[in-house]
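Participant: The structure is given below, and queries will be raised subsequently.
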Amino acid sequence: MRTVYADNAATTPVSQHVVDEILPYFTEHFGNPSSLYTVGQTAHRAVTKARQQVADALGADLNEIYFTSGGSEADNWAIRGAAALGAKKGKKHIITSKIEHHAVLHTCAALEKQGFTVTYLDVYENGIVKPEDVEKAITDDTCLVTIMYANNEIGTIQPIPEIGKICHEKGVLFHTDAVQAVGHVKINVKEQNIDMLSLSGHKFHAPKGIGALYCKKGLRLPNLIEGGAQESGRRAGTENVPGIVGLGVAITDMVNSMEENEKKVSALRDRLFEGASKISHSRINGDREHRLPGNFSMCFEGVEGESLLLMLDAKGISASSGSACTSGSLDPSHVLLAIGLPHEVAHGSLRLSISENNTQEDIDYILEVLPPIIKRLRDMSPLWDHIMERENNKA
21 MRTVYADNAA TTPVSQHVVD EILPYFTEHF GNPSSLYTVG QTAHRAVTKA RQQVADALGA
81 DLNEIYFTSG GSEADNWAIR GAAALGAKKG KKHIITSKIE HHAVLHTCAA LEKQGFTVTY
141 LDVYENGIVK PEDVEKAITD DTCLVTIMYA NNEIGTIQPI PEIGKICHEK GVLFHTDAVQ
201 AVGHVKINVK EQNIDMLSLS GHKFHAPKGI GALYCKKGLR LPNLIEGGAQ ESGRRAGTEN
261 VPGIVGLGVA ITDMVNSMEE NEKKVSALRD RLFEGASKIS HSRINGDREH RLPGNFSMCF
321 EGVEGESLLL MLDAKGISAS SGSACTSGSL DPSHVLLAIG LPHEVAHGSL RLSISENNTQ
381 EDIDYILEVL PPIIKRLRDM SPLWDHIMER ENNKA
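Positions 21 to 415 (the working numbering) are the ones given, in order, by the sequence shown.
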């Protein structure tokens, strides 16, 4: 049986190049970067090199990059930090969207319990936030706008430069959760008017447990962890040197091969859309043009998503019905509901996220296996019977 990994939005395998580069930092170069002797300074130089690699990939400066344990930590630090700065000025209003990752939504909800007001912007059927809606929502009390760069479920890429420009004109901080975008689309934080940006290494072939927050020069967020002088005193704790080295190598590799990867991956994705769209009562989720290269998201009426995933897994295909962080939930995706899908349609969602490691043969296999699985599930579904009965009555 063929095996196809098609859930790269959940996590990616660590590349062999990254593994080769980080192994010496578990053994030979194991020193503490804060130590003054040679072994420690070797580790310190490796951390500095990786910080520069991340900065270069984002169009940032070296001292604007802070290493974290991942994207969720970076999101929390940026949002809570900006909220604290705003509260000092009497500004306690935050703007976000209804399709954000839960690391953002839950943080905003927690701040609401602390007296902040949060505006959750609607998105439209294409899954994109309109800059004019952001502008209308900004008030004199707004301290932060946080809009994700690209959605983790439906892959839509937001108009980040335009939103950032509006925020700067209004004197409001702008943060973007770019966990799904970094390494896959071109980003320049200066040119795109971004004040803070979150990223996570395991989305682009670095190890799990390492990420970063870009925070523009002059923006002094409150310290995340008190203790030592690591991360300019803002996040204490001995650095995860192997993870940091891996992050730097991986992001450099992805940026260097981005144009080639984007061309290959988007072609595979489009072939998937073309083939799967031939299945009746199916629909593509999210904008077709403003979309991550490897994101495929569709709904199939009369199908239950969990059963679809299990049957695909039995055929060797790893897929998702939404984000990895909510895959254990029986509730329909908040993202799909936000773009206007009814519950019964949203329940039949399928997300495939393709990487440069996938092949034409992988796509052909998915398209061979998917239609009969959909048919089998519909044959067992009372909902599908109801859909067919409704259509027959209309005829």
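Heads up, the beta-carbon is just placed ideally off N, CA and C, and yes, glycines get one too.
Would you give the residue range spanned by the beta strand (DSSP E) that residue 218 belongs to?
Facilitator: Position 198 of the sequence shown, counted from the first residue, corresponds to residue 218. Residues 216 to 220.
Participant: For residue 259 and residue 53, which I take to be in contact (beta-carbon distance under 8 Å), what is that distance rounded to the nearest angstrom?
Facilitator: Here residue 259 is taken as the residue at index 239 of the sequence shown, counted from 1. Here residue 53 is taken as the residue at index 33 of the sequence shown, counted from 1. The Cβ separation is near 5 Å, so the contact holds.
Participant: Near residue 281, what residues of its chain come up, given a Cβ to Cβ distance below 6 Å and the 5 sequence neighbours on each side ignored?
Facilitator: If you number the sequence shown from 1, residue 281 lands on position 261. Result list for residue 281: 376, in chain order.
Participant: Can you list, in chain order, the stretches of the beta strand (DSSP E) that have 3 or more residues and sit fully within the stretch 104 to 128?
Facilitator: Segments of the beta strand (DSSP E) lying fully in the stretch 104 to 128: 113 to 117.
Participant: Between residue 174 and residue 285, is the Cβ-Cβ spacing less than 7 Å?
Facilitator: Walking along the sequence shown from the start, residue 174 turns up at place 154. Walking along the sequence shown from the start, residue 285 turns up at place 265. No, these two residues do not count as a Cβ contact at 7 Å.
Participant: Out of curiosity, what's the CA-to-CA distance linking residue 238 and residue 40?
Facilitator: Start at 1 with the first residue of the sequence shown, and residue 238 comes out as number 218. Start at 1 with the first residue of the sequence shown, and residue 40 comes out as number 20. Each residue's Cα considered, the two are about 37 Å apart.
Participant: According to DSSP, simplified to helix, strand and coil, what is residue 60?
Facilitator: Here the question's residue 60 lines up with position 40 in the sequence shown. Helix at residue 60.
Participant: Going by the DSSP bridge assignment, what does residue 374 pair with across the sheet?
Facilitator: The residue you call residue 374 lines up with position 354 of the sequence shown. Residue 374 is not bridged to any residue.
Participant: Let me confirm a value: residue 109 is counted as buried when at least 16 other C-beta atoms fall within 10 Å, else exposed. Which label applies?
Facilitator: One-based indexing of the sequence shown puts residue 109 at position 89. Exposed: under 16 other Cβ atoms inside 10 Å.
Participant: In three-state terms, what does DSSP make of residue 359?
Facilitator: To locate residue 359, count along the sequence shown from 1; it is residue 339. DSSP places residue 359 in coil when its eight states are reduced to three.
Participant: Could you tell me whether the stretch 196 to 213 touches the stretch 74 to 91, where touching means 3 or more Cβ pairs closer than 8 Å?
Facilitator: Segments in contact, yes.
Participant: In this structure, does DSSP put residue 38 in helix, strand or coil?
Facilitator: On the sequence shown, residue 38 is found 18 positions in, with the first residue counted as 1. Three-state result, residue 38: helix.
Participant: With DSSP as the reference, label residue 141 as helix, strand or coil.
Facilitator: Numbered from its first residue, the sequence shown carries residue 141 at position 121. Here residue 141 sits in strand by DSSP.
Participant: For my contact list, residue 194 and residue 215 are in at a C-beta cut-off of 8 Å; report their separation, rounded to the angstrom.
Facilitator: For the purposes of this step, residue 194 is taken as the residue at position 174 of the sequence shown. For the purposes of this step, residue 215 is taken as the residue at position 195 of the sequence shown. About 5 Å separates the two Cβ atoms, so the contact holds.
Participant: Which two residues bound the contiguous beta strand (DSSP E) that contains residue 165?
Facilitator: To locate residue 165, count along the sequence shown from 1; it is residue 145. Element bounds for residue 165: 162 to 166.
Participant: Any chance the stretch 177 to 195 sits against the stretch 250 to 257, with 3 or more Cβ pairs inside 8 Å?
Facilitator: With the cut-off at 8 Å, the stretch 177 to 195 and the stretch 250 to 257 do not touch.
Participant: Since residue 42 contacts residue 266 with CB under 8 Å, what's their CB separation in whole angstroms?
Facilitator: Counting from one through the sequence shown, the residue named residue 42 turns up at place 22. Counting from one through the sequence shown, the residue named residue 266 turns up at place 246. About 5 Å; that satisfies the 8 Å criterion.
Participant: Quick one: grab the DSSP three-state call for residue 253.
Facilitator: Along the sequence shown, one-based indexing puts residue 253 at 233. Helix at residue 253.
Participant: Are the beta-carbon atoms of residue 263 and residue 227 separated by less than 7 Å?
Facilitator: Here residue 263 refers to the residue found at position 243 when the sequence shown is read from its first residue. Here residue 227 refers to the residue found at position 207 when the sequence shown is read from its first residue. Yes. Within cutoff.
Participant: Less than 7 Å separating the beta-carbons of residue 154 and residue 114?
Facilitator: Translated into the one-based positions of the sequence shown, residue 154 becomes position 134. Translated into the one-based positions of the sequence shown, residue 114 becomes position 94. No, the Cβ-Cβ distance between residue 154 and residue 114 is not below 7 Å.
Participant: Would a C-beta distance cut-off of 7 Å place residue 231 and residue 101 closer than the cut-off?
Facilitator: Within the sequence shown, the letter at position 211 stands for residue 231. Within the sequence shown, the letter at position 81 stands for residue 101. Taking 7 Å as the Cβ cut-off, residue 231 and residue 101 do not qualify as a contacting pair.
Participant: Taking just the CA atoms, how far does residue 94 sit from residue 321?
Facilitator: Translated into the one-based positions of the sequence shown, residue 321 becomes position 301. Translated into the one-based positions of the sequence shown, residue 94 becomes position 74. Answer to the nearest angstrom: the Cα atoms are 37 Å apart.
Participant: Could you name the residues of the same chain whose beta carbon sits closer than 6 Å to that of residue 25, not counting the 5 residues immediately before and after it, in chain order?
Facilitator: Taking the first residue of the sequence shown as 1, we reach residue 25 at position 5. Result list for residue 25: 338, in chain order.
Participant: Taking just the CA atoms, how far does residue 372 sit from residue 329?
Facilitator: Translated into positions along the sequence shown, residue 329 becomes position 309. Translated into positions along the sequence shown, residue 372 becomes position 352. Taking the straight line from one Cα to the other gives about 11 Å.
Participant: Helix, strand or coil for residue 385? Go by DSSP, reduced to three states.
Facilitator: Numbered from its first residue, the sequence shown carries residue 385 at position 365. Three-state DSSP puts residue 385 in a helix.
Participant: Which of helix, strand or coil does DSSP assign to residue 229?
Facilitator: Within the sequence shown, the letter at position 209 stands for residue 229. It is coil, neither helix nor strand.
Participant: Kindly indicate which residue of 269, 292, 130 and 129 has the alpha-carbon position closest to the one of residue 381.
Facilitator: Your numbering for residue 381 matches position 361 in the sequence shown. Out of 269, 292, 130 and 129, 292 has the C-alpha closest to the C-alpha of residue 381.
Participant: Residue 296 and residue 318: beta carbons closer than 7 Å?
Facilitator: Translated into the one-based positions of the sequence shown, residue 296 becomes position 276. Translated into the one-based positions of the sequence shown, residue 318 becomes position 298. In contact: residue 296 and residue 318 (Cβ atoms closer than 7 Å).
Participant: According to DSSP, is residue 171 helix, strand or coil?
Facilitator: Taking the first residue of the sequence shown as 1, we reach residue 171 at position 151. Looking at residue 171 - three-state DSSP - the assignment turns out to be coil, as it is neither helix nor strand.
Participant: I'd like to check one pair, residue 222 with residue 31: are the Cβ atoms closer than 7 Å?
Facilitator: On the sequence shown, position 11 is the one that residue 31 refers to. On the sequence shown, position 202 is the one that residue 222 refers to. Contact flag set, yes.
Participant: Using the rule of at least 16 other Cβ atoms within 10 Å of the residue's Cβ for burial, across every protein chain shown, is residue 272 buried or exposed?
Facilitator: Looking up residue 272 in the sequence shown gives position 252. It counts as buried.
Participant: Going by DSSP, which residues form a beta bridge with residue 315?
Facilitator: Residue 315 sits at position 295 when you count from the first residue of the sequence shown. In DSSP, residue 315 forms a bridge with 373.
Participant: Would you kindly check if the distance between the Cβ of residue 97 and the Cβ of residue 244 is under 7 Å?
Facilitator: Taking the sequence shown and counting its residues from 1, the one referred to as residue 244 is at position 224. Taking the sequence shown and counting its residues from 1, the one referred to as residue 97 is at position 77. Result yes, Cβ atoms of residue 244 and residue 97 sit closer than 7 Å.
Participant: Pull up the CB-CB distance for residue 224 and residue 287, whole angstroms please, since I reckon it's below 8 Å.
Facilitator: Working through the sequence shown from its first residue, we reach residue 224 at position 204. Working through the sequence shown from its first residue, we reach residue 287 at position 267. Wrong, their Cβ atoms sit about 19 Å apart, outside the cutoff.
Participant: Just tell me which of 157, 130 and 147 has its CA closest to the CA of residue 140.
Facilitator: For the purposes of this step, residue 140 is taken as residue 120 along the sequence shown, with counting starting at 1. Answer by Cα proximity: 157.
Participant: In whole angstroms, what separates the C-alpha of residue 418 from that of residue 136?
Facilitator: With the chain running from 21 to 415 in the structure shown, residue 418 is simply not present.
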